[in-house]
Every structure is written in C-alpha cells, then in structure tokens.
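Counted the way this note's numbering counts, the sequence shown spans residues 582 to 715.
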Amino acid sequence: CFSMEVNDKFEEQIQRIVENTAKAYRAEAVLNYRQLVLPTINDEKLAEYANKAAKEIVGDEGVVLFEKTTGGEDFSYFSQKAKTEFAFVGTRNDKKVKYYPHHHSNFDIDESALTTAAGLYAGFAVEYLRGENS
582 CFSMEVNDKF
592 EEQIQRIVEN
602 TAKAYRAEAV
612 LNYRQLVLPT
622 INDEKLAEYA
632 NKAAKEIVGD
642 EGVVLFEKTT
652 GGEDFSYFSQ
662 KAKTEFAFVG
672 TRNDKKVKYY
682 PHHHSNFDID
692 ESALTTAAGL
702 YAGFAVEYLR
712 GENS
C-alpha cells in the first residue's frame, strides 16, 4: 500500500474477505494476520534533495525515477520516527560480474558501485544542508 490510511484498514478488509469467502462455501475460516512491515513513504522534500544529488553524481541519464512499488522494507519503521528518503543504487554490471538475482547464493555486485553510493550519501547530505539553511 502507499499510505498509512490504507495500511491501517488491511486487517479489517482481509478479515471480511476471509469470512465472506468461507460463508459462500458454508465453511469456517480463521485469519492469523501479522503485519511484518509498514509502507515506506518518502518525504517529498528529501526526495528532491536526493534526486538533485544523484543527478550531480551520475548525471540525468543515471537517475531512474521508479513508480511506487509495494516491496516490503524494514526501513519503513524509521519513517515512523522521522522524515526519510529511500532510494536504490544499481550495482549490476554485466561486463564485470555475472548477474544473479538478489537472495541467490551467487549474487554479487560490481563493487565500484559502492563509491557511487558513498558519493550519493555525501551529496544528499550537502543538498539537505543547503536546502534546510536557505
């Protein structure tokens, strides 16, 4: 989901679906619902700072703006305490490392991406300080 308002209704909606589906088949069902993660929602101003910093480091062509995604992420719990910005740094380079998907035992990265990631963190900090002090 893309908002806490929708997130807060999940259990109730799923419970209703479970009950009504069971009822349609003259059966009974029990829902054991556990919320594992919350939505990770970027702060718009922080996203602007991150986007600007990324373009300075990797250029316009190196920045890909994602549509919203429903992937789960523990980072969402930080977002409950402070404004946050979550971004992905690409590490795939087929010329240097054979590609395997995340969580595969042979997954590896092009470690030169770590330098890029460090630059993005530093650039984000600079953009944040510029923006908050202007």
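By construction, the Cβ of each residue, glycine as well, lies at the ideal position given by its N, Cα and C atoms.
For the alpha helix (DSSP H) that contains residue i, what are its first and last residues?
| i | result |
| --- | --- |
| Gln594 | 591-605 |
| Val639 | 625-639 |
| Phe583 | Counting along the chain, Phe583 falls outside any alpha helix (DSSP H), and DSSP gives it neither H nor E. |
| Ser562 | There is simply no residue 562 to check, as the chain begins at 582 and stops at 715 in what is shown. |
Can you list, in chain order, the residues of its chain whose CB lies under 7 Å from that of residue i, leaving out five sequence neighbours each side?
| i | result |
| --- | --- |
| Ile690 | Thr672, Val678 |
| Ser657 | Val618, Leu619, Pro620, Thr621 |
| Gln661 | Leu619 |
| Phe732 | The question about residue 732 has no answer here: the residues shown for the chain are numbered 582 through 715. |
Could you tell me which of the options sits nearest to residue i, measuring between CA atoms?
| i | options | result |
| --- | --- | --- |
| Gln596 | Ala608, Pro620, Lys662, Asn613 | Asn613 |
| Lys649 | Thr621, Thr665, Ala631, Lys662 | Thr621 |
| Gly704 | Glu629, Ala610, Asn674 | Glu629 |
| Asp624 | Ala663, Ala694, Asn714, Cys582 | Ala663 |
| Val645 | Arg615, Val670, Ala698, Lys676 | Val670 |
| Gln616 | Glu593, Ala605, Phe647, Asn601 | Glu593 |
| Asn588 | Glu642, Lys604, Thr651, Tyr702 | Thr651 |
Between residue i and the rest of its own chain, which residues show a CB-CB distance below 8 Å, the 5 nearest in sequence each way excluded?
| i | result |
| --- | --- |
| Glu654 | Val618, Thr621, Phe667 |
| Gly712 | Lys626, Glu629, Tyr630 |
| Ser584 | Pro620, Ile622 |
Leaving out the 5 sequence neighbours to the left and right, which residues in its chain are closer than 6 Å to residue i when beta-carbon positions are compared?
| i | result |
| --- | --- |
| Asn687 | Tyr681 |
| Glu708 | Tyr630, Lys633, Ala634 |
Please check the pair residue i and residue j, which I expect to be a contact at CB under 8 Å, by giving their CB distance rounded to whole angstroms.
| i | j | result |
| --- | --- | --- |
| Ala634 | Leu701 | 6 Å |
| Val639 | Thr696 | So it is not a contact: roughly 11 Å between Cβ atoms. |
(request) Note down, one range per segment and in chain order, each alpha helix (DSSP H) of at least 4 residues found wholly within the stretch 646-684. (result) 657-660
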